[in-house]
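Below: the structure, in structure tokens.
Protein chains: 2
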Amino acid sequence: MHISPEIEALIARLARLPGLGPRSARRAALALLQEPESRLRPLIGAMQEAARNIHTCPKCGNLDSLSPCTICADTQRDPTVICVVENVGDLWALERSGVHRGRYQVLGGVLSALSGFGPDDLNLTGLLEQVQAGEVKEVILALGATVEGATTAHWLQEKLSSYDVPVSRLGHGVPIGGALDVLDEGTLAAALSSRRAL
Amino acid sequence: MHISPEIEALIARLARLPGLGPRSARRAALALLQEPESRLRPLIGAMQEAARNIHTCPKCGNLDSLSPCTICADTQRDPTVICVVENVGDLWALERSGVHRGRYQVLGGVLSALSGFGPDDLNLTGLLEQVQAGEVKEVILALGATVEGATTAHWLQEKLSSYDVPVSRLGHGVPIGGALDVLDEGTLAAALSSRRAL
Chain A
763 MHISPEIEAL IARLARLPGL GPRSARRAAL ALLQEPESRL RPLIGAMQEA
813 ARNIHTCPKC GNLDSLSPCT ICADTQRDPT VICVVENVGD LWALERSGVH
863 RGRYQVLGGV LSALSGFGPD DLNLTGLLEQ VQAGEVKEVI LALGATVEGA
913 TTAHWLQEKL SSYDVPVSRL GHGVPIGGAL DVLDEGTLAA ALSSRRAL
Chain B
763 MHISPEIEAL IARLARLPGL GPRSARRAAL ALLQEPESRL RPLIGAMQEA
813 ARNIHTCPKC GNLDSLSPCT ICADTQRDPT VICVVENVGD LWALERSGVH
863 RGRYQVLGGV LSALSGFGPD DLNLTGLLEQ VQAGEVKEVI LALGATVEGA
913 TTAHWLQEKL SSYDVPVSRL GHGVPIGGAL DVLDEGTLAA ALSSRRAL
């Protein structure tokens, strides 16, 4: 079968994206190549813009073009309530629910023996600095109800117990075994407003 | 909700790819942004390579880095049998089957009143030149068994009838591995009328 190496390489790269298998990667590559001016070049442009401008916020771990990020820099938001999430997708999901008016801490992962993600890999700097400075009135652990999420929540609770800061977790509404970023806004809003002190 | 415009633009561009909706585009964008060096930049590179090197073959309409394309330039392939397909995806599908050892003509679409795709939009130049030069022994119409595919096949058959060239179409029938009770009546009728003595 004759497919030129450039097209093969493009298909292989696209097939690595979540949600795209080999077959849909082929369809996507064809769609791009058949309309290079209206599809391929604009997508390259959007990716270059993102690669050039989007950085990880040094304070909370969010992805944004500003540093610190728009949420950390927003004086309308309560800096004393920090919501701890696993990744930026979970942050986006919570932002879509529109209930949390405080700030975030993006861990970048959850504790997992299987994937070798340990306590030192958690992005905690911003959170710990603020807690140590006595600036925080509440830490909300908004982690998925998975084994890894629960382990991480437990570990964080221990870690934070030496400081005088209330720690809560999301309330009922998070389905067991469910990931945050696939939940609807209503469930997330309910889970947030029914959070409980630990 | 705070998502920076660069990320929004990237998600919007990704969501236009076939097979990706708004939700999977968001997941894909995040995966790219969270690993810019190992995912985003290599994908940009693969796209730039493809945009720079891949062109439409002036002879048959295939996408390739060579001009004419690898298939048109392959002297091992029979230049007297031309298989007419709607798009490059269909060409790839036929190449995967490995049965056709001739060349192709990629129409770039099929006749459709709805989408305003008319006879002048069909890429026929290479085919007609070769037919007029008397170089072709068979034209195989490998078009989809849809209303538009059948209309296009009929129109092409008329168009080619003024030249002394045999025209065939793909056989209709039961797909290999397919169960009878899930097939539509049209396919079963076609399979029955194209039955073969054993």
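Going down the list, the sequences are from chains A and B.
In this text, residue positions in the first sequence follow the working numbering: the first is 763, and each later residue adds one.
In this text, residue positions in the second sequence follow the working numbering: the first is 763, and each later residue adds one.
Ideal Cβ placement from N, Cα and C applies to all residues, glycine included.
The structure presented is a predicted model; accordingly, all values stated were derived computationally and were not measured.
Bridge partner(s) assigned by DSSP for residue i
i	result
Ile-816 of chain B	According to DSSP, which records beta bridges pairwise, Ile-816 of chain B is partnered with nothing at all.
Glu-900 of chain B	B:Val-843
Asp-826 of chain A	A:His-817
Ser-877 of chain A	Its beta-bridge partners do not exist; DSSP assigns none.
Ala-959 of chain A	A:Ser-930
Tyr-866 of chain A	A:Cys-845
Local Cβ density within 10 Å of residue i, reported as buried at 16 or more and exposed below that
i	result
Ala-751 of chain B	The structure shown does not extend to residue 751 of chain B, since chain B spans only 763 to 960, so no value can be given for it.
Pro-881 of chain A	exposed
Val-944 of chain A	exposed
Thr-818 of chain B	buried
Pro-937 of chain A	exposed
Pro-767 of chain A	exposed
Asp-840 of chain A	exposed
Val-861 of chain B	exposed
Gly-948 of chain A	exposed
Ala-941 of chain B	exposed
Gln-892 of chain A	buried
Leu-960 of chain B	exposed
Ala-895 of chain A	exposed
Asp-926 of chain B	exposed
Ala-967 of chain B	The first residue shown for chain B is 763 and the last is 960, placing residue 967 of chain B beyond what the model contains.
Gly-939 of chain B	exposed
Ala-855 of chain B	exposed
Asp-946 of chain B	exposed
Arg-863 of chain A	exposed
Ser-924 of chain B	exposed
Ser-859 of chain A	buried
Neighbour list for residue i in chain B, Cβ cutoff strictly below 7 Å
i	result
Gln-810 of chain A	Ile-806
Val-847 of chain A	Within chain B, no residue comes near Val-847 of chain A; the closest Cβ sits about 12 Å away, beyond 7 Å.
Closer than 9 Å at the beta carbon, the chain B residues around residue i
i	result
Arg-801 of chain A	Arg-775, Arg-778 and Leu-779
Thr-908 of chain A	Correct list: empty, because the minimum Cβ distance to chain B is about 17 Å.
Ser-874 of chain A	Simply none; closest approach about 16 Å.
Leu-792 of chain A	Pro-780, Leu-825, Asn-849, Val-850, Gly-851 and Trp-854
Ser-786 of chain A	Leu-779, Pro-780, Gly-781 and Leu-782
Within chain A, partners of residue i - CB distance below 7 Å
i	result
Glu-768 of chain B	Glu-811, Ala-812, Asn-815, Ile-816 and Ser-827
Pro-798 of chain B	Ala-813
Ile-765 of chain B	Trp-854
Cβ-Cβ separation, residue j to residue i (assumed contact under 8 Å), whole Å
i	j	result
Thr-842 of chain B	Leu-873 of chain B	The Cβ separation is near 26 Å, so there is no contact.
Gly-801 of chain A	Ala-813 of chain A	The question names Gly, yet the displayed sequence has Arg at residue 801 of chain A. Their Cβ separation, rounded to whole angstroms, is 19 Å, which puts Arg-801 of chain A and Ala-813 of chain A out of contact at 8 Å.
Glu-897 of chain B	Pro-928 of chain B	Going by Cβ atoms, the distance from Glu-897 of chain B to Pro-928 of chain B rounds to 14 Å, so no, they are not a contact pair.
Ala-904 of chain A	Val-847 of chain A	5 Å
Ile-806 of chain B	Gln-810 of chain A	6 Å
Ile-816 of chain B	Ile-769 of chain A	6 Å
Gly-871 of chain A	Asp-852 of chain A	The Cβ separation is near 11 Å, so there is no contact.
Ile-844 of chain A	Leu-890 of chain A	Rounded, the Cβ-Cβ distance is 11 Å, inconsistent with contact.
Leu-772 of chain B	Ala-808 of chain A	5 Å
Pro-804 of chain B	Arg-775 of chain A	6 Å
Under 8 Å from the C-beta of residue i: neighbouring residues of chain A
i	result
Leu-795 of chain B	Ala-812, Ile-816, Leu-825 and Val-850
Amino acids of chain A, ordered along the chain, whose beta-carbon sits closer than 9 Å to that of residue i
i	result
Arg-789 of chain B	Leu-779, Pro-780, Gly-781, Gly-851 and Asp-943
Leu-772 of chain B	Leu-805, Ala-808, Met-809, Glu-811, Ala-812 and Ile-816
Any contact of the stretch 764-784 of chain A with the stretch 771-789 of chain B, i.e. 3+ C-beta pairs under 8 Å? yes
Touching by the beta-carbon criterion (3+ pairs, under 8 Å), the stretch 948-960 of chain A and the stretch 924-934 of chain A: A contact exists between the stretch 948-960 of chain A and the stretch 924-934 of chain A.
Contact the stretch 857-876 of chain A vs the stretch 902-912 of chain A: 3+ CB pairs below 8 Å: yes
Examine the Cβ distances between the stretch 822-830 of chain A and the stretch 862-870 of chain A and report whether three or more of them are shorter than 8 Å. The stretch 822-830 of chain A and the stretch 862-870 of chain A touch, with no fewer than 3 CB-CB distances between them shorter than 8 Å.
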